[in-house]
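Asks: Here it is, the structure in full.
4 protein chains.
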Amino acid sequence: MTGKTIKIGIVGGTGYTGVELLRLLAQHPAAELRVITSRKEAGMAVAEMFPNLRGKVALKFSEPSAGALTACDVVFFATPNGVAMEQARPLCDGGARVIDISADFRIKDVALWEKWYGMKHACPELIAEAVYGLPEVHRDRIRNARLVANPGCYPTSVQLGFLPLIEAGIVDLDHLIADAKSGVSGAGRKAEVPTLLAEASDNFKAYGVAGHRHLPEITQGLAQAAGKPVKLVFVPHLAPMIRGIHATLYARLTAETDVQALYEARYAKEAFVDVMPAGSHPDTRSVRGANCCRIAVHRPQGGDIVVVLSVIDNLVKGAAGQAVQNMNIMFGLPDATGLEQVALLP
Amino acid sequence: MTGKTIKIGIVGGTGYTGVELLRLLAQHPAAELRVITSRKEAGMAVAEMFPNLRGKVALKFSEPSAGALTACDVVFFATPNGVAMEQARPLCDGGARVIDISADFRIKDVALWEKWYGMKHACPELIAEAVYGLPEVHRDRIRNARLVANPGCYPTSVQLGFLPLIEAGIVDLDHLIADAKSGVSGAGRKAEVPTLLAEASDNFKAYGVAGHRHLPEITQGLAQAAGKPVKLVFVPHLAPMIRGIHATLYARLTAETDVQALYEARYAKEAFVDVMPAGSHPDTRSVRGANCCRIAVHRPQGGDIVVVLSVIDNLVKGAAGQAVQNMNIMFGLPDATGLEQVALLP
Amino acid sequence: MTGKTIKIGIVGGTGYTGVELLRLLAQHPAAELRVITSRKEAGMAVAEMFPNLRGKVALKFSEPSAGALTACDVVFFATPNGVAMEQARPLCDGGARVIDISADFRIKDVALWEKWYGMKHACPELIAEAVYGLPEVHRDRIRNARLVANPGCYPTSVQLGFLPLIEAGIVDLDHLIADAKSGVSGAGRKAEVPTLLAEASDNFKAYGVAGHRHLPEITQGLAQAAGKPVKLVFVPHLAPMIRGIHATLYARLTAETDVQALYEARYAKEAFVDVMPAGSHPDTRSVRGANCCRIAVHRPQGGDIVVVLSVIDNLVKGAAGQAVQNMNIMFGLPDATGLEQVALLP
Amino acid sequence: MTGKTIKIGIVGGTGYTGVELLRLLAQHPAAELRVITSRKEAGMAVAEMFPNLRGKVALKFSEPSAGALTACDVVFFATPNGVAMEQARPLCDGGARVIDISADFRIKDVALWEKWYGMKHACPELIAEAVYGLPEVHRDRIRNARLVANPGCYPTSVQLGFLPLIEAGIVDLDHLIADAKSGVSGAGRKAEVPTLLAEASDNFKAYGVAGHRHLPEITQGLAQAAGKPVKLVFVPHLAPMIRGIHATLYARLTAETDVQALYEARYAKEAFVDVMPAGSHPDTRSVRGANCCRIAVHRPQGGDIVVVLSVIDNLVKGAAGQAVQNMNIMFGLPDATGLEQVALLP
């Protein structure tokens, strides 16, 4: 970049995705933070809300203003669902590129989106244009996208875990199972009883077994890779930890393959997918704070069921880190620019 | 019992199963704690090691002595694997009844046991006689058993979760999946790096995917219920919490059934299996400290895969509580005697 | 009690104090739960909100009704501050005895209460009559009280820790220091960002150093014991755990004494204060779920500063357990009736 | 540094200080990791033990070898106490500079060291030369030091918290109190029962109240600042978290001062001490993974006791980060080189 910087705007920076985005962008060599909006906290210094940013980010939250945002090269939406679809259009038309970390533009089928998200879509005409921001699948289209729909956390870990099997066409597509466990930050920085420490600590539970919003997003991606419909049972669980997703995936092999070699080949050129040696068990802390998906593949007792273990930090490769990776791709930088942080262990 | 008491000995009371057994027996109306042995801690007051027992248990650890133990009505082994098989014979012959909370007598196939446990079995002749202490299956035989092999923690939660489906003969027995998550106390009170708080907290990982000792114990029980062999993929995980197992079970239905009704009927008379209303998600804290297995059954998207959620406290229904339940049955008491504790929530 | 039962009403049972009270009363041999009110949850089964109570408590939340409550022998207020002062009068006049677990009647100086709690007191005329429910100090007056003001959690641990020194008149009363650490359940079951797991876990902080509502309550009790004013610096901290308070107390000795003997003598007859052997360090888990205050006394380097370590479970001896202890005293039962639970460790 | 690199050796990199040092040095622009020794793990890839370093650190553990280490510009000892004093001499004589993160060279009084550490000092002749590596006090001497004794974690937080008051000569030096709370990683990566998750989680306790090894180190530093002896009561506690120290300090003012201004002035030029605005409460997570000490100063109720809240990450500013800061100073780099990481929050 030799001095060239990317002017950055953030809409809605008061949640966990927002503070994580700020942590990463504050260390990014080409990023120039210009504006961060929050109607509720306008006027407050960002570092007052998030003291880890003291001395690192000098910005204050400002009232949303289309003008200031349009003047940016890229605008991140770190907002609740339903906000980006209201505001993306004028930004794109005004020349800013948009990376939406919320779910507004992820599902191509508008009716399906409206069913799962319980609202009318405000900007269906941009859905087709939006590029699903999973770099390991759509890197070429991300490069020139005006609007990137950054994947959800579960969808990132589950898709990266299943893709090699599905692209190879060697598993039963009618009985895929994803047993996923997430840290509590996945629920966002919202005042709610079930995610209080006194409720969620020293406890473990499944939730949303009847249906979770990330199910259609995952099946859309897997079906696209398969070239045909897939059936997935997706069971999310809440684990008593802050960060991390551990997806344990089960698929029935329909053809013999060296699955270890398959995975290594599929991700050989990917900076942020680490296929571990055979027999490994990735732990979520090995990616804590890092933009990385670590994967291990097993065939217990040599049977016909493949077990894939796929871990990410839900706030990094599952949200803000992947968003920065997409920004890098969009602006011609190497994927890894500003994303070389080593995971914090212990 | 009207005044009659059960004289109790405990071999090896310095682990988590031991202290939990003491907590339960200290509150049991018919239990009279006579002797607790520990070669290493002989002479130390039990309440000095476990201060929660101050004022509740006056015993000291004593040197192992066959005489003192044989004089008991029942002897619990809360020892590492390999100890009970050395000592059970003379106790049984001497008239004491034995409840082995370790794994020594759980597997009927000696060669299989020796393969998974990596040692020669010292008392194969008692294996056939030993009754597998899962009251919901073997209550009648437990009543008169001289030697009860108390089930493992994972095997308790997985078997209770799968049994109604398997007994009904309505699932594909070749592709059962048990994705199980355990709190760290399941690893015992052993000084080891991987279970340090700084290693295991704020972290999640699978382990033993290639093979875990509880696999043959579970398949033995399920095969017995099925009347034919079963194939199970069993993936245990370590969750960052003290107590609790959450087993998420997947089975493919081969016949239509009202699974909710099936489960409710199967456990209608069981004091310690709670089938929750349809749509529920049991959390492990709802059984923390209580001798209870809570189960919920789901069929996501109405598909052919049944998802069973089964939770226990690994130290209670998964170890010491179930042992006391077995003792109650062996001595003609109601299952629930001394086991009415309400789970600690939050 | 030989069959006689105490008819019990609870106002506001949807918080942590409420569920803990239900856990204890469900196991209490003389308690008969009659009514539990919650305007918001009226009609919902208590066990639906708190699944640990399934099969243990059959009550449903009901609309507040003075009639149903007045028919009870005792009514517990497990409500936010400001509720009991509105409702206690008619209950007392109607013959029910009242145990207020909130702060409404703890402070004798109405103006002081109004300053710290930021509201006008609705029932100042009952304040003088209300008995401060710390059994170790006021047992005789509790026996016949119509209205008991159950102490706060910090005040219980700090007062029990300081009292022997202050009653003996051997410490500098102008420079008392209480450095207290609390689990997150002390903040209640309220949807608030700072007590989310993702905020409070793996974190430690002080709060309210400028002034905490429990300060005047503590100084009132200590001043009464001293017979003169005291000055206390009270620094509360939030610890990343569910339950437990650890108060570390510092006082400067003004006269030589055997402090260990002093503490042992002071609490010799108290069922729920355990003075540990010299050199001990009580941990909060040793009282988890138990109605117990464990205390250890130190004089580091033989200097003139006494360090007292005092631990309780904030929900038990710091709230619901002490409330039941007060009920026992009020109804002529031994303090320990229904309160013999062994702490859950690990 | 324009291309110049510092050749680095690490002795004993299998503990938490070691992996943290590797995390920081892997991101340091001037650091060239040359050798890391571990007798026990020789031959194993560092990234196999610590998977967060996969793709970041290519080194393997090697057998200790004086030659390879002497060829380095600087050698870090991340060893248990008692190792560096055996090996530092030949390294220093051979031209390598040494930063000892263990306690071997921190205490100037050999007899005092030997009393607290329970062993004979193997290299007393280097103690006088060793520079105590607290940059905020000894920066000038660190610059040219051959041997730096990197401070302990508690001593860093407590000294930085007390120094302004003591240097100003405005507090009672006979009654200083430090109530300190540490995460479990402070105990090291050692297999021990008390730091197991099942023991230390959801629990809080004091330890070592009778005397902790960090006491003489702290009093040495404070006495030096005061120019006369000081008396400190130091009570360490174990908090159920991985990282972080929160020191709550109490001192009695003997003269009126604007303490906020005093602290701000004292640390105005320090990159890694952040004096927060009046009324603040720093939380440990605000420095998680960052080389920073955040401090807030209070005078509760305007009394004569000053309360200082001082937080660090025990593995960063309390160990590895401060060691890298010292390296930077020794090699003429700005303190902050390679240490700009933003704390991980949440």
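Chains as they are written, first to last, in the numbering used here: chain A, 1 to 346; chain B, 1001 to 1346; chain C, 2001 to 2346; chain D, 3001 to 3346.
Heads up, the beta-carbon is just placed ideally off N, CA and C, and yes, glycines get one too.
What is the DSSP secondary structure of A/P64, reduced to helix, strand or coil?
Replies: The residue labelled residue 64 of chain A in the question sits at position 64 within the first sequence. Coil.
Asks: Here's the rule: buried if 16 or more other CB atoms are within 10 angstroms of the residue's CB, otherwise exposed. What is D/S3201?
Replies: The residue labelled residue 3201 of chain D in the question sits at position 201 within the fourth sequence. Per the 10 Å Cβ criterion, buried.
Asks: Contact check, A/V307 vs A/Y250 under 8 Å by CB: the rounded distance?
Replies: As a working mapping, residue 307 of chain A is identified with position 307 in the first sequence. As a working mapping, residue 250 of chain A is identified with position 250 in the first sequence. Indeed they touch by this definition, with Cβ atoms about 6 Å apart.
Asks: So with Cβ pairs under 8 Å, would you call C/I2101 a contact of chain A?
Replies: Sequence index remark: in the third sequence, residue 2101 of chain C carries index 101 (1-based). Not an interface residue.
Asks: Could you tell me if D/L3213 is buried or exposed, where buried requires 16 or more neighbouring beta carbons within 10 angstroms of its beta carbon?
Replies: The count along the fourth sequence starts at 1 and reaches residue 3213 of chain D at position 213. Position check: residue 3213 of chain D holds Arg in this sequence, whereas Leu was assumed. Buried is the call here.
Asks: For D/L3163, I'd like the list of residues in its chain whose CB is within less than 6 Å of its CB, leaving aside the five on either flank, ordered along the chain.
Replies: Translated into positions along the fourth sequence, residue 3163 of chain D becomes position 163. Only A3225 meet the Cβ criterion.
Asks: Cβ of C/Y2154 less than 8 Å from any chain A Cβ?
Replies: The residue labelled residue 2154 of chain C in the question sits at position 154 within the third sequence. Output row for C/Y2154: interface = no.
Asks: How is the alpha helix (DSSP H) around A/A343 delimited, first residue to last?
Replies: Here residue 343 of chain A refers to the residue found at position 343 when the first sequence is read from its first residue. A/A343 -> no alpha helix (DSSP H), and no H or E assigned at all.
Asks: Looking at the C-beta of A/N203, does it have a partner C-beta in chain B at a distance below 8 Å?
Replies: Within the first sequence, numbered from 1, the residue matching residue 203 of chain A stands at position 203. Yes, contact with chain B.
Asks: Excluding the five sequence neighbours on either side, which residues of its own chain have a C-beta within less than 8 Å of the C-beta of D/G3279, listed in chain order?
Replies: Position 279 of the fourth sequence, counting from 1, holds the residue named residue 3279 of chain D. Cβ within range, chain order: A3296, H3298.
Asks: So which residues of chain C does A/A210 contact, with C-beta pairs closer than 7 Å?
Replies: Translated into positions along the first sequence, residue 210 of chain A becomes position 210. Going along chain C, no residue has its Cβ under 7 Å from A/A210, so there is no contact; the nearest lies around 18 Å.
Asks: Which runs of the alpha helix (DSSP H) spanning at least 4 residues fall entirely within the segment 137–222 of chain A, listed in chain order?
Replies: Runs found: 153–167, 197–200.
Asks: Please list the terminal residues of the continuous beta strand (DSSP E) segment that includes A/K115.
Replies: In the first sequence, the residue the question calls residue 115 of chain A occupies position 115. Segment 110–117 is the alpha helix (DSSP H) holding A/K115; no beta strand (DSSP E) there.
Asks: Is it buried or exposed, D/G3352, if we count other Cβ atoms within 10 angstroms and call 16 or more buried?
Replies: Because chain D here runs from 3001 to 3346, residue 3352 of chain D falls outside it and cannot be looked at.
Asks: Tell me the residue span of the alpha helix (DSSP H) that contains D/Y3263.
Replies: For the purposes of this step, residue 3263 of chain D is identified with residue 263 of the fourth sequence, where counting begins at 1. Element bounds for D/Y3263: 3259–3266.
Asks: What is the DSSP secondary structure of B/I1242, reduced to helix, strand or coil?
Replies: As a position in the second sequence, residue 1242 of chain B is number 242, starting the count at 1. B/I1242: coil per DSSP, three-state reduction.
Asks: Measure from the C-beta of B/D1258 to each C-beta in chain G and report whether the shortest distance is under 8 Å.
Replies: Judged by its chain identifiers, the structure shown contains no chain G, and its protein chains are A, B, C and D.
Asks: Where does C/M2119 land, buried or exposed, given buried means 16+ other C-beta within 10 angstroms?
Replies: Mapped onto the third sequence, residue 2119 of chain C falls at position 119. By the 10 Å Cβ count, C/M2119 comes out exposed.
Asks: So, does the CB of D/R3189 fall closer than 8 Å to a CB anywhere in chain B?
Replies: Here residue 3189 of chain D refers to the residue found at position 189 of the fourth sequence. It does; some Cβ of chain B falls within 8 Å.
Asks: In chain order, what residues of the same chain have a beta carbon less than 6 Å from the beta carbon of C/T2284, not counting five sequence neighbours either side?
Replies: Translated into positions along the third sequence, residue 2284 of chain C becomes position 284. G2244, H2246, V2311.
Asks: Quick check: C/T2219 and C/L2232, are their CB atoms within less than 8 Å of each other?
Replies: Within the third sequence, the letter at position 219 stands for residue 2219 of chain C. Within the third sequence, the letter at position 232 stands for residue 2232 of chain C. Contact: yes.
Asks: What residues from the segment 268–296 of chain A come within 9 Å of chain B, judged by C-beta to C-beta, listed N to C?
Replies: If the cut-off is 9 Å between Cβ atoms, the segment 268–296 of chain A has G279, H281, P282, D283, T284, R285, S286, R288, A296 near chain B.
Asks: Would you mind working out which of C/L2333, C/I2008, C/A2168 sits nearest C/A2026, comparing C-alpha positions?
Replies: Position 26 of the third sequence, counted from the start, is the residue given in the question as residue 2026 of chain C. Considering only alpha carbons, the answer is C/I2008.
Asks: So B/H1348 packs on A/Y154, CB below 8 Å; how close in whole Å?
Replies: Examination of residue 1348 of chain B is not possible in this model, given that chain B is present from 1001 through 1346 alone.
Asks: My output table needs one value for D/P3282: the three-state DSSP class, helix, strand or coil.
Replies: As a first step, residue 3282 of chain D is located in the fourth sequence; it is residue number 282 there, counting from the start. Residue state, collapsed to three classes: coil.
Asks: With a threshold of 8 Å between beta carbons, is C/T2254 in contact with chain D?
Replies: What you label residue 2254 of chain C is simply residue 254 of the third sequence in a count that begins at 1. No, C/T2254 lies away from the interface with chain D (no Cβ there is under 8 Å from its Cβ).
Asks: Please name the residues in the segment 3163–3194 of chain D whose beta-carbon is closer than 7 Å to at least one beta-carbon of chain B, in chain order.
Replies: Taking 7 Å as the Cβ-Cβ cut-off against chain B, the residues of the segment 3163–3194 of chain D that qualify are V3184, S3185, R3189, A3191, E3192, V3193.
Asks: Pull the bridge partners of A/P236 from the DSSP assignment, please.
Replies: By 1-based counting over the first sequence, the position of residue 236 of chain A is 236. For A/P236, which the question treats as bridged, DSSP gives the partners A/A180.
Asks: Does any CB atom of chain A fall closer than 8 Å to the CB of B/Q1301?
Replies: Here residue 1301 of chain B refers to the residue found at position 301 when the second sequence is read from its first residue. Closer than 8 Å: yes.
Asks: Please list the partners that D/A3343 has in chain A, where partner means a Cβ-to-Cβ separation under 7 Å.
Replies: Here residue 3343 of chain D refers to the residue found at position 343 when the fourth sequence is read from its first residue. Per Cβ cutoff of 7 Å: N52.
Asks: So B/V1347 and B/L1069 are supposed to be a Cβ contact under 8 Å. How far apart are they, rounded?
Replies: Absent from the model: residue 1347 of chain B. The displayed extent of chain B is 1001 to 1346, so no value can be given.
Asks: Going along the chain, which residues of the segment 3008–3041 of chain D sit with their C-beta nearer than 9 Å to a C-beta in chain A?
Replies: Cβ contacts with chain A come from Y3016, V3019, E3020, L3022, R3023, L3024, A3026, Q3027.
Asks: State yes or no: is the beta carbon of A/P80 nearer than 8 Å to at least one beta carbon in chain D?
Replies: For this step, residue 80 of chain A is matched to residue 80 along the first sequence. It does not; no Cβ of chain D falls within 8 Å.
Asks: Nearest to D/A3103 by alpha carbon, out of D/T3079, D/P3135, D/A3271?
Replies: Residue mapping note: residue 3103 of chain D aligns to position 103 of the fourth sequence, counting from 1. Nearest of D/T3079, D/P3135, D/A3271 to D/A3103, Cα basis: D/T3079.
Asks: In chain B, which residues lie with their C-beta within 7 Å of the C-beta of A/K231?
Replies: Numbered from its first residue, the first sequence carries residue 231 of chain A at position 231. By Cβ distance, chain B contributes G1303.
Asks: When you compare each of C/V2316, C/D2174, C/I2305 to C/L2253 by their alpha carbons, which one comes out closest?
Replies: Within the third sequence, the letter at position 253 stands for residue 2253 of chain C. Of the listed residues, the one whose Cα sits closest to C/L2253 is C/I2305.
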